[in-house]
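Student: Throughout, the numbering used here is defined as the position within the sequence shown, counted from one, plus 233.
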Amino acid sequence: MSAPVEQQVEFGGLVIGYDHRVLAPREWTTAQSRWIAELSASSAPGPVLELCTGAGQIGLLAACETGRELVCVESSAAAAGHLRRNAERAGLDARVEVRQQDLSTALEEGETFPLVTADPPWVISSAVSRFPEDPLSAIDGGADGLTVARTCLSVIARHLAPQGAAVLQLGSRSQVESLGTMAEQLDLCVRETRSYDRGVLVLLEASA
């Protein structure tokens, strides 16, 4: 069997490589990286944590624009391989730590981060056939599209530093509303949402 063919795309000034096993970078998600950069100016020192990293474009652009270190959590070996190569291509490999692990085991008790970004799968299972070019594991979010997002929310609640901020990507405002109760139960609150043609970004902070 021949090796997967790497494709490359420009993403906010970075060259990002990926193949058919990894979700292709979406240009609109540069907004997620740049929101993290906005927040960085008033955040405490420390690395950015990225959950559900994929090929790494969102976190790498955030690291490039903030000057911060980056800790990436990604369970897929294929995606983690592209992430490492993309970090090296961008000259960021010395500032990027890749944890190829499940979300539930990748972080140590007591580890906290001032900034978190997460891009979980958020397509509802009944709709994934509309996106045959995308790998199923990268887009299938379960019956309501929020299965992995809920796990991300739990991780954020445990590992967000005091006065920290997290930017979570979802598919719609209705999904944001559905997560609202869980966020409150975890002492997180939705501070702001920003809507785009292809998705929604949500700013989460610890409740006062």
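Every residue, glycine too, gets a C-beta built ideally from N, C-alpha and C.
Keep in mind the model is a prediction, meaning the values are calculated, not measured.
Over the uninterrupted beta strand (DSSP E) stretch that includes SER428, give me the two end residues.
Tutor: Numbered from its first residue, the sequence shown carries residue 428 at position 195. Residues 421-429.
Student: Only counting the same chain, and skipping five residues up and downstream in sequence, which positions put a Cβ closer than 7 Å to that of VAL248?
Tutor: The residue labelled residue 248 in the question sits at position 15 within the sequence shown. Cβ neighbours of VAL248 beyond the five flanking positions: GLN241 and ARG322.
Student: Helix, strand or coil: how does DSSP classify ILE357 here?
Tutor: Position 124 of the sequence shown holds residue 357. ILE357: coil per DSSP, three-state reduction.
Student: Do you know offhand how far GLY324's Cα is from TRP261's?
Tutor: Along the sequence shown, one-based indexing puts residue 324 at 91. Along the sequence shown, one-based indexing puts residue 261 at 28. Between GLY324 and TRP261, the C-alpha separation is close to 23 Å.
Student: Should the stretch 378-390 be regarded as contacting the stretch 292-303, the criterion being three or more beta carbon pairs within less than 8 Å?
Tutor: No contact exists between the stretch 378-390 and the stretch 292-303.
Student: In the DSSP assignment, find the unbroken beta strand (DSSP E) run with THR350 in it and report its ends.
Tutor: As a first step, residue 350 is located in the sequence shown; it is residue number 117 there, counting from the start. Run containing THR350: 346-351, per the beta strand (DSSP E) assignment.
Student: Taking just the CA atoms, how far does GLU330 sit from THR426?
Tutor: Taking the first residue of the sequence shown as position 1, residue 426 is located at position 193. Taking the first residue of the sequence shown as position 1, residue 330 is located at position 97. So the two alpha carbons sit approximately 29 Å from each other.
Student: Do the stretch 274-282 and the stretch 342-354 touch if we need at least three Cβ pairs shorter than 8 Å?
Tutor: The answer is yes - the stretch 342-354 touches the stretch 274-282, with three or more Cβ pairs under 8 Å.
Student: Among HIS253, ALA313, PHE244 and ARG301, which residue has its Cα nearest to the Cα of PRO368?
Tutor: Position 135 of the sequence shown, counted from the start, is the residue given in the question as residue 368. Of the listed residues, the one whose Cα sits closest to PRO368 is HIS253.
Student: Can the beta-carbon of PRO353 be found closer than 8 Å to that of CYS385?
Tutor: Indexing the sequence shown from 1 puts residue 353 at position 120. Indexing the sequence shown from 1 puts residue 385 at position 152. A contact, by the Cβ cut-off of 8 Å.
Student: For SER273, which residues of its own chain have a beta-carbon under 7 Å away from its beta-carbon, when the five flanking residues on both sides are left out?
Tutor: What you label residue 273 is simply residue 40 of the sequence shown in a count that begins at 1. So the list reads THR299, ARG301 and LEU348, once near-sequence residues are dropped.
Student: For ARG318, which residues from the same chain have a beta carbon less than 7 Å from its beta carbon, with the 5 sequence-adjacent residues on both sides left out?
Tutor: Translated into the one-based positions of the sequence shown, residue 318 becomes position 85. The residues are GLY250.
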